[in-house]
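Visitor: Residue numbers (our numbering): -18 to 586.
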Ligand SMILES: [Zn+2]
Ligand SMILES: [Zn+2]
């Protein structure tokens, strides 16, 4: 109802109502159908409702269906109470009625109801159409009900909808969402016709199910002679995400070329994604190139650039971009401030960081979230203000997450504070979030402090509780193919050459004064064995493979799933000088750009 309608005196409204009622009373069924179709106000809707109940026209399936459609269309998207009430007033709903309601439920706040309605429809011996089945699957996706989805899947096969691409694509989405990769692939394989949307769902399924490398392969496979399916902007968006996560710069460049050739280059979401991809692959110039070329830079674009510069160690430049953004009149959001605070922490700009943290809520109304606090803890930790960092965490309005405690734990390692480290691990245990890596870090701290007694205690504890360390894994891309290495990997085809190269590098670096650091990373080994085991960490294997397979002077880019250890950091630093190679390692927390024997992190990570 319009505001003006409310303001008018009551008798006028009543008069209007009476005339509409008269119109309804004198209308034929056909006329009534067209009145329902043209109804746009709540007042008319209520009058029609009353009329069809009073005259038992609700028993006419055509009229009740048309009216139900109207109610669903006019109801607010999330609330379907009214639709539900009317549906209950229909004595013998047809499959059409059911389909309409199932569809409405899938978009409502109570998606699970759609599934129950679907079951009810089945019990009444009615048949769901492909559309309704597709909506009930969407409901299952929203409530992550795999069991419900499987039941619908079985029905779909019985109903003979096995060739409906749209329906099968939705089903793939369900399996992907429920982390059933193989089932999703099976549906895909059995599809008679696969369009770009189906390929996109398969790619996204790879991304969500730890099959990121396969996602890259699919980009080529879908375009091959057999499938001849053209990737669209969504495909590019998904594949760029995969490139970013795998550090696959060359592949990312190929996708970039594809985007330009196919005229998607102007889309700001794709450009933003390119900026992130290039930044995450450690290629700042390319990220900046895309950013500079963008005509419509929104807050996401600016934030992506700021964060990209920050994580790559270009803190001052990131702050400059932030200032430029403000000059352009773009309002920063929470993501922007994550980037800015991260920039301050990477450059050790303690005062600036504190200033921005203050400014954020006071001037821009951005409430600090756990990431912002995380940056501040990193900043204070790096500056050695460990107690302040601890106080900040305990004074937070929000519950601290394991990551923030882990950030402080990292700072404890750098500054050798074992008493605080113990407290931090205590908090992680309290959150039931302690990982093997945390204990390893604690052991590193004890080991550096020469506290062997405590070290043995932790080791014993880990053994008793059978706490297993996450295997380290590093990836490196060569000519668009991503190669993966784990500790002591012997699965690579060129393993003999790689190990030979690693030995050669080790002896070269030794001449330059590099000594394997055996105190920092702990294994259940004697000192000699330790030096041996260290030389086979996955990032070393990836670097050796990079030296082996690329011409001198080519930068080596490696992505590692865990925090880089002190020894591998020293190794990469020495190698960057001796071999005159730029080495870029992205570990779990940050980037390390090694150049001429130095690292952009300045030894803090
Ligand atoms: Zn290492
Ligand atoms: Zn570093």
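Idealized CB from N, CA, C, for every residue including glycine.
Measuring only the C-alpha atoms, how far is residue 350 from residue 69?
Guide: 45 Å
Visitor: CA-CA distance, residue 52 and residue 22?
Guide: Counting only the Cα atoms, residue 22 lies some 11 Å from residue 52.
Visitor: Does DSSP classify residue 43 as helix, strand or coil?
Guide: helix
Visitor: Would you say the beta carbon of residue 588 comes nearer than 7 Å to a heavy atom of ligand 1?
Guide: Residue 588 lies beyond the residue range present for the chain, which begins at -18 and ends at 586; the question has no answer from this structure.
Visitor: Excluding the five sequence neighbours on either side, which residues of its own chain have a C-beta within less than 6 Å of the C-beta of residue 288, listed in chain order?
Guide: 320
Visitor: Rounded to the nearest angstrom, what separates residue 17 and residue 61 at their Cα positions?
Guide: It is roughly 19 Å from the alpha-carbon of residue 17 to the alpha-carbon of residue 61.
Visitor: Pull up the CB-CB distance for residue 284 and residue 316, whole angstroms please, since I reckon it's below 8 Å.
Guide: 4 Å
Visitor: Please report the distance separating the alpha-carbon of residue 214 from that of residue 225.
Guide: Distance between the alpha carbons of residue 214 and residue 225: 16 Å.
Visitor: Using alpha carbons as the reference points, say which of 406, 400 and 164 lies closest to residue 386.
Guide: Restricting attention to 406, 400 and 164, the CA atom closest to the CA of residue 386 is found in 406.
Visitor: With H, G and I counted as helix, E and B as strand and the rest as coil, what does DSSP make of residue 537?
Guide: strand
Visitor: Evaluate contact between the segment 418 to 430 and the segment 198 to 207, counting only Cβ atoms and requiring at least three cross-stretch pairs below 8 Å.
Guide: no
Visitor: Considering only DSSP beta bridges, list what residue 465 is partnered with.
Guide: 456
Visitor: Alpha carbons only, please: which of 293, 30, 461 and 527 is nearest the one belonging to residue 482?
Guide: 527
Visitor: Following a CB-centred definition, is residue 579 positioned closer than 7 Å to any heavy atom of ligand 1?
Guide: no
Visitor: Once you ignore the five residues that flank residue 72 on each side, which residues in its own chain have a CB closer than 8 Å to its CB?
Guide: 39 and 40
Visitor: If contacts are defined as beta-carbon pairs under 8 Å, then residue 562 and residue 537 qualify, I think. What distance do you get, rounded to the angstrom?
Guide: 6 Å
Visitor: For the beta strand (DSSP E) containing residue 562, list its first residue and its last residue.
Guide: Where residue 562 is concerned, there is no enclosing beta strand (DSSP E), given that its DSSP letter is neither H nor E.
Visitor: Got a sec: does ligand 2 put a non-hydrogen atom nearer than 7 Å to the Cβ of residue 166?
Guide: No, ligand 2 has no heavy atom inside 7 Å of this Cβ.
Visitor: Do residue 524 and ligand 1 come close, with the Cβ less than 7 Å from some heavy atom?
Guide: no
Visitor: Taking 7 Å as the cut-off, is the beta-carbon of residue 582 closer than that to any non-hydrogen atom of ligand 2?
Guide: yes
Visitor: Would you identify the three-state DSSP class for residue 502, choosing helix, strand or coil?
Guide: Bear in mind that a pLDDT of 49 at residue 502, under 50, signals an unreliable position, so the model cannot answer this.
Visitor: Taking DSSP as the reference, what is the three-state secondary structure of residue 576?
Guide: strand
Visitor: Alpha carbon to alpha carbon, what distance is there between residue 358 and residue -12?
Guide: Its pLDDT being 40, under 50, residue -12 is placed unreliably in this model, and the value from its coordinates should be taken loosely. Rounded to whole angstroms, residue -12 to residue 358 spans 56 Å at the Cα level.
Visitor: Inspect the CB distances between the segment 1 to 8 and the segment 25 to 36 and report whether three or more fall short of 8 Å.
Guide: Result yes; three or more Cβ-Cβ pairs closer than 8 Å.
Visitor: Going by DSSP, what residue range makes up the alpha helix (DSSP H) through residue 386?
Guide: 383 to 396
Visitor: Can you tell me the Cβ-Cβ gap for residue 233 and residue 259, rounded? I've got them flagged as a contact below 8 Å.
Guide: 7 Å between Cβ atoms; contact.
Visitor: Between residue 572 and residue 293, how many whole angstroms is the CB-CB distance? I'm expecting something under 8 Å.
Guide: 5 Å
Visitor: Can you give me the C-alpha to C-alpha distance between residue 170 and residue 10, rounded to a whole angstrom?
Guide: 49 Å
Visitor: Using a Cβ distance threshold of 8 Å, determine whether the segment 539 to 559 contacts the segment 576 to 583, with at least three qualifying pairs required.
Guide: Counting Cβ pairs under 8 Å, three or more are found: they touch.
Visitor: How big is the Cα-Cα spacing for residue 415 and residue 186?
Guide: Rounded to the nearest whole angstrom, the CA to CA distance from residue 415 to residue 186 is 29 Å.
Visitor: Classify residue 163: buried if its beta carbon has 16 or more other beta carbons within 10 angstroms, exposed otherwise.
Guide: Residue 163 comes out exposed.
Visitor: Relative to the C-alpha of residue 332, which residue among 282, 241 and 360 is closest?
Guide: 360
Visitor: Is residue 518 near ligand 1 - that is, is its Cβ less than 7 Å away from at least one heavy atom of it?
Guide: yes
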